[in-house]
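Written out below as structure tokens is the structure these notes cover.
Here it is, written out as structure tokens:
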């Protein structure tokens with residue numbers, strides 16, 4: 001048996017990157033019943049069939065994290081690409097993605113693109129103070145691209161960004177073969193035969209992978225990839241010094257009297273936009289029950 005990582009799964013076939021190259025695999029019926037459904041990013045072992053070089057999946061390693069939509073496992077880093085130049089990114093979109101990343105124990109990175117047009121000083125300061133890493137880049141001039149390339153080297157990363165923010169341009173700057181290689185893999189596995197786009201991993205220069213995640217690209221994240229309301233506070237790193245300091249236990253940090261987080265917002269220690277995003281997310285998950293978070297979801 002050999003080891004590899006699933007780059008794509010479609011129509012019952014899985015395409016696994018191994019030391020011996022890209023191998024087309026299937027999962028026998030009993031595999032799904034005993035092991036579970038494989039998803040992109042899974043670390044697997046497989047057995048190659050000598051007659052045609054295809055394989056059968058044998059095991060899936062325990063996942064360190066996973067998302068429901070897009071269905072992808074074992075992400076190291078989530079990169080939220082934003083811009084202060086038109087079309088200006090709504091901070092809530094950034095905060096939703098970074099909150100999911102922090103909650104799922106993935107590193108979060110905010111990348112401010114188009115700095116040749118607008119340096120995004122306010123955005124930069126907001127995330128610098130939040131405890132979430134932030135970089136400034138320009139896909140047009142190449143500024144900051146080397147630093148970003150180092151940040152993703154050897155890791156499995158997913159990039160998210162609203163339409164027009166220049167996410168594709170940033171990716172092409174990071175790896176000039178990105179579009180061509182994605183196309184080559186897609187041709188091999190027959191994307192043209194399917195109308196629905198699926199998540200896939202793209203190997204990058206210097207080692208590592210970038211997840212091409214259609215839904216994630218436009219921030220169409222699944223609510224179920226969020227968190228129980230009482231745990232949401234931990235998805236905002238700048239709240240940490242104030243947790244447990246509120247006047248009343250079980251404080252939701254929304255509008256309660258004696259809330260240490262609200263006091264920090266009033267004092268300028270926590271950015272107002274960040275707290276507004278927290279409140280919006282809190283309202284969306286406050287009625288979720290624990291069983292719902294894993295309903296039909298990941299292992």
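In our numbering, the protein residues as written are 1 to 299.
Ideal placement from N, C-alpha and C gives every residue a C-beta, glycine not left out.
Asked, Found
"Minimum C-alpha distance to residue 212 - residue among 168, 58, 136 and 83", "168"
"Residues that DSSP places opposite residue 339 in a beta bridge", "Nothing can be reported for residue 339: it is not among the residues displayed for the chain, which extend from 1 to 299."
"Cβ neighbours of residue 271 in the same chain (closer than 6 Å, five flanking residues each side left out)", "126"
"Residue 152 versus 276, 243 and 77, residue with shortest Cα-Cα distance", "77"
"With 16 other Cβ atoms within 10 Å as the buried cut-off, status of residue 128", "exposed"
"When 93, 105 and 138 are compared against residue 160, the one with the closest alpha-carbon", "93"
"Where residue 245 falls: helix, strand or coil (DSSP)", "coil"
"Where residue 164 sits in the DSSP three-state scheme", "coil"
"Assumed close pair residue 38, residue 22 - CB separation to whole angstroms, cut-off 8 Å", "Going by Cβ atoms, the distance from residue 38 to residue 22 rounds to 15 Å, so no, they are not a contact pair."
"Residue from 198, 85 and 172 with nearest C-alpha to residue 15", "198"
"Cβ distance (whole Å) where residue 108 is taken to contact residue 165 below 8 Å", "Their Cβ separation, rounded to whole angstroms, is 16 Å, which puts residue 108 and residue 165 out of contact at 8 Å."
"Three-state secondary structure assigned by DSSP to residue 151", "helix"
"Closest Cα partner of residue 204 within the set 229, 175 and 230", "175"
"Beta-carbon proximity check, residue 87 vs residue 172, cutoff 8 Å", "no"
"Residue 79 vs residue 59 beta-carbon contact at 8 Å", "no"
"Residue span of the alpha helix (DSSP H) that contains residue 75, given as start and end", "No alpha helix (DSSP H) contains residue 75, which DSSP labels as neither H nor E."
"Strand pairing of residue 25, partner residues [DSSP]", "14 and 55"
"Closest residue to residue 238 among 282, 114, 275 and 72 (Cα-Cα distance)", "275"
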